[in-house]
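So the sequence shown is numbered by full-length UniProt numbering: it starts at 1 and just counts up by one.
For each residue, glycine too, the CB sits at the ideal point set by N, CA and C.
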Amino acid sequence: MSDSTIDRPNDGPKPDDLQVQVAVDVALFTIVDDQLSVVLVERGIPPFKGSWALPGGFVLPEETLERAALRELEEETGVKDQPGHLEQLETYGNPDRDPRSRVVTIAYWAIMAGLDNLQGGGDAKRAELVSVAKIEDREVKLAFDHEKIVYDAVKRVQSKLEYTTLATK
């Protein structure tokens, strides 16, 4: 069906009414003491100031999504090396996911060894490795919808490890 056959009302939303921000979030995993762990940052600014979240932020006009994910990862955690595996996970667009405005985030997941020297930066007060088990047990609560993103990413990691040689790379 071509666009010309779609019935479009004249009183539909105007472009200025369709303000949507685009963000990226990264679930970066590693193994610590035989436990799957994820990098979290403590937010240094509202909303959710002082809460734990995945590293992430808004996409700049000149950036690709992947470049934005890598930039945010470096700014907020100090991770300068590109993860050995970085993959787009899913798009999250619940209208209420961010109290500031309508924000759609494209989540990525990655696996990387050697995450010993994490340091907060940008709008992240600090960065730490947190066991996924602590998130699952609700010992650590996450801002926005990041708990769902972590759960979805864990499922993807587990699935990927079942049918690839990713763990041996």
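Neighbourhood of residue i by C-beta distance below 7 Å, restricted to the same chain and skipping five residues each side
i: Met-1; result: No answer about Met-1 holds up, because its pLDDT of 49 lies below 50 and its placement is not dependable.
i: Ala-68; result: Val-24, Val-59, Leu-60
i: Val-20; result: Arg-102, Val-104
Rounded Cβ spacing between residue i and residue j (contact assumed at less than 8 Å)
i: Leu-89; j: Asp-152; result: 6 Å
i: Val-132; j: Val-22; result: Contact flag wrong, Cβ pair sits at about 27 Å.
i: Val-150; j: Ala-27; result: 6 Å
i: Pro-55; j: Ala-124; result: 7 Å
Per DSSP, the bridge partner or partners of residue i
i: Asp-25; result: Gly-56, Ala-107
i: Ala-127; result: Val-41
i: His-85; result: Ile-111
Residue burial classification, residue i (beta-carbon count within 10 angstroms, cutoff 16)
i: Pro-95; result: exposed
i: Asp-33; result: exposed
i: Tyr-163; result: exposed
i: Ile-106; result: buried
Same chain, Cβ closer than 6 Å to residue i, five either side skipped, listed in chain order
i: Lys-49; result: Arg-43
i: Val-79; result: Leu-73
i: Arg-126; result: Glu-42, Gly-120
i: Ser-51; result: Arg-43, Ala-143
Euclidean distance between Cα positions of residue i and residue j
i: Leu-129; j: Ala-110; result: 14 Å
i: Asp-116; j: Gly-84; result: 16 Å
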